[in-house]
Amino acid sequence: MMRILNPLRLVGTAALLVLAPAVELHAKESHARRGADPAAVKLILDTDMSGDCDDAGTLALLHALADRGECELLATIVNRADFTKASAAAVDAINTYYGRPNIPIGTDKVGPTALQRTSPYAAALRDEFPHDIVADDQAPDALAIYRKILADQPDASVTLCSVGAFSNLAELCRHEPELVRAKVQRLVVMGGEFPDSDRRETNVATHRDAAHFVAEHWPGEIIWHGYEIGDALITGAKLKQTPQKNPVRRAYELRRYRGRPSINGGQPSYDQAAALYAVRGSEPAFWETSSGGHVRVDAEGRTRWSTDPAGPHRYVKIVGPPQRLAAAIEALMIEPPAHLAKE
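Under mature numbering (1 follows the signal peptide of the UniProt record, and there is no 0), the letters of the sequence shown match residues -27 to -1, 1 to 316, in that order.
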């Protein structure tokens, strides 16, 4: 089930730049039509839409926040490509369901392949739901999308939220450090475990060199959401309350957690927690943010914390019962798309 192909998604980098005025016009028209708050957080999501289905839940949460006028989703970038080459199509299917089919999507062409196995849900979302991405390797490069989107934004206005491998961030930091310094307000990442742990957390260890480069050279603030945050927040079972045409529901039906479909008992919300923080910041009811410091990535892919009041890094801890925060996350995940409510 496919829509007519969207030319923005299927062109090379040079053509993408030629189309920039049309992209800008569409974005302005979409923004005006939805009545988004001018103070909405301008957000780029960098996701590994392939393994855990919390990436799908994260997009559901962000679209709900966008419908509320709390954020503007500028682009969705894919890291850690899946063997099926369907990760970008899965992202596009979710964006389409939530009424934002023209959000720019870029893909990582040089980073690692997810976990050396196929996604349990990406190909199904590609095959069962409307979208117009053909394959990951035919989508625009992640770096090209980052360059275009960031260049078009006011200085110090963009929040980046990374919930996967660090390969795209490392490429952006390596090739465009001044663009990052000028345009990015802060980077929120799901990765590591804090303050210290012997765990080789997946997002860091999958592309250890990229994570090390970002931790050492990122020219701005980084807020770290460790493994321990999302592991305490079980969500997803209430997606049963949403329509079967919801691709996020389908992802949770197909991804198993502890021997059962995630939709039957939920699964950890590693990525949703980071995305919620990226939009709403350090809400005292939910979060405690550390003082400044530095995160080091060791040779084995483990994160090490050192306190430094002048340091650019911080990490986050949950305040209060995790179930309270999980309920807030899940309520956003199951919120109906605003455009469907108007039909």
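Think of the CB as a built atom: it goes at the ideal place given N, C-alpha and C, for glycine as much as any other residue.
On a predicted model such as this, the values are computed, not experimentally measured, just so you know.
Between threonine 208 and alanine 299, the gap from beta carbon to beta carbon is short of 8 Å. Ranked by Cα distance from proline 310, the options Arg173, Arg297, Leu35, Thr49 are led by Leu35.
Shown here, cysteine 146 sits in a helix according to DSSP, grouped into three states. Threonine 49 and isoleucine 302 have their alpha carbons spaced roughly 20 Å apart.
The beta strand (DSSP E) runs lying completely inside the segment 8 to 36 and spanning 3 residues or more are 14 to 20, given in chain order.
Straight through space, the alpha carbons of proline 241 and arginine 229 are spaced by roughly 12 Å. Assigned with DSSP and collapsed to three states, aspartate 114 falls in strand. For serine 279, the uninterrupted beta strand (DSSP E) segment begins and ends at 276 to 280.
Residue state for tyrosine 288 is assigned as strand, using DSSP reduced to three classes. Going by DSSP, glycine 79 is part of the beta strand (DSSP E) stretching over 78 to 80.
The three-state secondary structure of glycine 266, taken from DSSP, is strand. Taking the Cα of glycine 24 as reference, the smallest distance to any Cα among Leu38, Ala39, Ser60 is reached at Ser60.
The beta carbon of glutamate 166 lies closer than 6 Å to those of Arg172, Glu174, Gly199, Tyr200, Glu201 in the same chain, with the five residues before and after it left out. Note on geometry: alpha-carbon atoms of alanine 13 and aspartate 114 lie some 26 Å from one another. Counting along the chain, valine 51 sits inside no alpha helix (DSSP H); it lies in the beta strand (DSSP E) bounded by residues 44 to 51.
With a cut-off of 8 Å on Cβ pairs, the segment 105 to 121 is in contact with the segment 58 to 76, counting three or more such pairs. Taking C-beta atoms as the reference points, histidine 190 and serine 140 fail to come closer than 8 Å. Buried is the label assigned to glutamine 245, since at least 16 other Cβ atoms lie within 10 Å of its Cβ. Counting every other CB atom within 10 Å of its CB across the protein chains shown gives leucine 46 a total of 16 or more, marking it as buried. Residue range 175 to 179 is occupied by the alpha helix (DSSP H) that includes threonine 175, with no beta strand (DSSP E) assigned at that position.
Per the coordinates, the alpha-carbon of glycine 193 lies some 26 Å from the alpha-carbon of valine 292. Check the Cα spacing between phenylalanine 102 and each of Cys44, Leu249, Ala224: the tightest is with Ala224.
Remark: C-beta atoms of aspartate 19 and leucine 133 approach each other more closely than 8 Å. Annotation: the segment 211 to 263 contains the following complete segments of the beta strand (DSSP E) (minimum length 3 residues), in chain order: 260 to 262. The DSSP assignment places 140 to 148, 150 to 156 as complete runs of the alpha helix (DSSP H) inside the segment 124 to 172, in order along the chain (cut-off: 4 residues). Histidine 312: not part of any beta strand (DSSP E); member of the alpha helix (DSSP H) spanning 311 to 314, first to last residue.
Classified as buried, histidine 286 has 16 or more neighbouring CB atoms from the shown chains inside 10 Å of its CB. Residue pairing of isoleucine 195 in beta bridges, as defined by DSSP: Leu160, His286. Membership of proline 295 in the alpha helix (DSSP H) is indicated by the continuous run 295 to 306.
The residues Asp10, Ala13, Val14, Val252, Arg253, in chain order, have a CB closer than 8 Å to that of glutamate 43 in the same chain once the five nearest residues on each side in sequence are set aside. DSSP, reduced to helix, strand and coil, places threonine 208 within a strand of the structure shown. A direct Cα-Cα distance of roughly 32 Å separates glutamate 144 from arginine 41. The residue from Val177, Lys290, Asn237, His148 with its alpha-carbon nearest to that of alanine 210 is Asn237. In chain order, Glu226 place their CB closer than 6 Å to the CB of proline 234, counting only its own chain and leaving out the 5 sequence neighbours on each side.
Per DSSP, reduced to three states, the secondary structure at glutamate 189 is helical.
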